[in-house]
């Protein structure tokens, strides 16, 4: 199992199944949004806003189909100044994969650099090999589709809402810690 809730970026946290039920810890970190990704993902706490994705921690599981909606969910909560906890069962593979995809999108980092940044704050982070391949493919397709502008997914969403997307122009997430 992961080692409890870890702050990855301001208002973005990684954790495990147990952390997603800890009202006190969630409140202390101003967490109002929970992205739950595991075999039996379902809303647990009424006061939270959820995105629930049913997915197995298997190399054959396609997580990339959920990248866009997950990225938008995380980003919208952060734009509101509200915390978002992303969790799976152990907080090691599925949830980390979604957070790495988010970091890639908002920073322009490659998947390996984004994962390395996550491991600084959550050493147990380790997407399975299938998820790593999906992140590698996401890096390639995003770069091809948007010519290096990794915030394209967010731009489209924020044009609808009128929100201003966060602009990260940095080489390391450590700047935000």
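Residue numbers (the UniProt record's numbering): 1 to 177.
Beta carbons are placed, not taken as given, at the ideal position from N, Cα and C, and that holds for glycine.
For residue 127, is the classification buried or exposed, using 16 other Cβ atoms within 10 angstroms of its Cβ as the cut-off for buried? Taking all protein chains in view, the Cβ of residue 127 is crowded by 16 or more other Cβ atoms within 10 Å, so the residue is classified as buried.
Alpha carbon to alpha carbon, what distance is there between residue 142 and residue 16? Roughly 28 angstroms separates the two Cα atoms.
Residues of its chain near residue 61, where Cβ-Cβ distance is below 7 angstroms and the 5 sequence neighbours each way are ignored: If we look at residue 61 and ignore the five residues flanking it on each side, its Cβ neighbours are 55, 130.
What is the DSSP secondary structure of residue 54, reduced to helix, strand or coil? Strand, per DSSP.
Can you find the residues in the same chain that come closer than 6 angstroms, C-beta to C-beta, to residue 115, ignoring five residues on each side of it along the sequence? Closer than 6 angstroms at Cβ, skipping near neighbours: 100.
Runs of beta strand (DSSP E) wholly within the UniProt domain "Tyrosine-protein phosphatase" (4-144) (minimum 3 residues, chain order): Qualifying beta strand (DSSP E) stretches, in chain order: 6-9, 12-15, 31-38, 49-54, 83-87.
In chain order, what residues of the same chain have a beta carbon less than 6 angstroms from the beta carbon of residue 53, not counting five sequence neighbours either side? Result list for residue 53: 37, 41, 66, in chain order.
Taking the Cβ atom as the reference point for each residue, do residue 134 and residue 63 lie within a distance shorter than 7 angstroms? Closer than 7 angstroms, so yes.
Can you tell which of 140, 125, 49 has its C-alpha closest to the C-alpha of residue 88? Relative to residue 88, the option among 140, 125, 49 whose CA is nearest is 125.
What residues in its chain sit with their C-beta under 6 angstroms from that of residue 48, if we drop five residues either side in the sequence? Same-chain partners within the cutoff: 34.
Within 7 angstroms, strictly: CB atoms of residue 83 and residue 30: Against a cut-off of 7 angstroms, the Cβ pair of residue 30 and residue 83 comes out as a contact.
Does the Cβ of residue 139 have 16 or more other Cβ atoms within 10 Å, making it buried, or fewer, making it exposed? It counts as buried.
Using only the alpha-carbon positions, how far apart do residue 90 and residue 18 sit? The straight-line gap from Cα to Cα measures roughly 9 angstroms.
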